[in-house]
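Just so you know, the sequence shown maps onto residues 1 to 169 in the numbering used here.
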Amino acid sequence: MGSFLSNFFKFGSQNMAIDLGTANTLVYVQDRGIVLNEPSVVAIETINGVKREKAVGDDAKLMMGKTPDNIEVIRPLRDGVIADIEIAEIMIKHFIRKVHGKKTLLRYPEIVICVPSGSTSVEKRAIRDAASNAGASEVHLILEPMAAAIGADMPVTEPVGSMVVDIGG
């Protein structure tokens, strides 16, 4: 698994790993570390029946409970999986743009996304589709406990016992 991540990140620093959490989303970019840690929240404004992104992440969270009737603040994930794919796409696309700034990408990033170990195939497909529709050139899914083990430098490719406890949050 370590070689997978090594091979994944050798293509360029615009590739990223995303931990889509119910409360917060984290984005990691090689050689830069964790570059984003923001609430998994999107504010959508509806004008004349047309919905558009008003705010995402920190800015959207600040709006919670303080919006007029035409603005809805939405958490697109529940229990670690996508509950609203359209809003999740908006959030992922926003975070990709935020991480890479206004520079023109020569190619869209490949993305590794952590998924809960109990995710169904339908939930995994929703995560993959949301990231692809948000602009990822390729999407790789990795189970959250495996990502945690790799991040903790546990010997995941060795025939030894290790344990990861995911308490969520």
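Each residue gets a CB set at the ideal place from its N, CA and C atoms; glycine is no exception. Keep in mind that this is a model prediction, so the values were computed, not measured.
Taking 7 Å as the cut-off, the Cβ atoms of Val164 and Ser119 do not count as close. When Gln30, Arg128, Ala152 are compared, the shortest CA-CA separation from Leu20 is found for Arg128. Under the Cβ criterion (8 Å, minimum of three pairs), the stretch 62-76 does not count as touching the stretch 25-36. Between Val115 and Leu141, the C-beta spacing is below 7 Å. Burial check for Ile92: the Cβ neighbour count within 10 Å reaches 16 or more, so the residue is buried. Asn15 sits close to Pro109, with the two beta carbons spaced by under 7 Å.
For a cut-off of 8 Å, the C-beta gap from Ile111 to Ala136 is around 4 Å, short enough to register as a contact. Taken atom to atom, the span from the alpha-carbon of Lys98 to that of Ala17 is near 14 Å. Here the alpha carbon of Ala23 sits roughly 15 Å from the alpha carbon of Ile87. In the DSSP assignment, Lys51 forms a beta bridge with Thr46. For the 7 Å CB-CB criterion, Ala148 and Val156 do not form a contact. When Gly49, Thr46, Ile47, Arg75 are compared, the shortest CA-CA separation from Val56 is found for Arg75. Rounded to whole angstroms, the Cβ separation of Glu72 and Ile44 is 5 Å, and the two are in contact under 8 Å. In the three-state DSSP reduction, Pro39 falls in the strand class (E or B).
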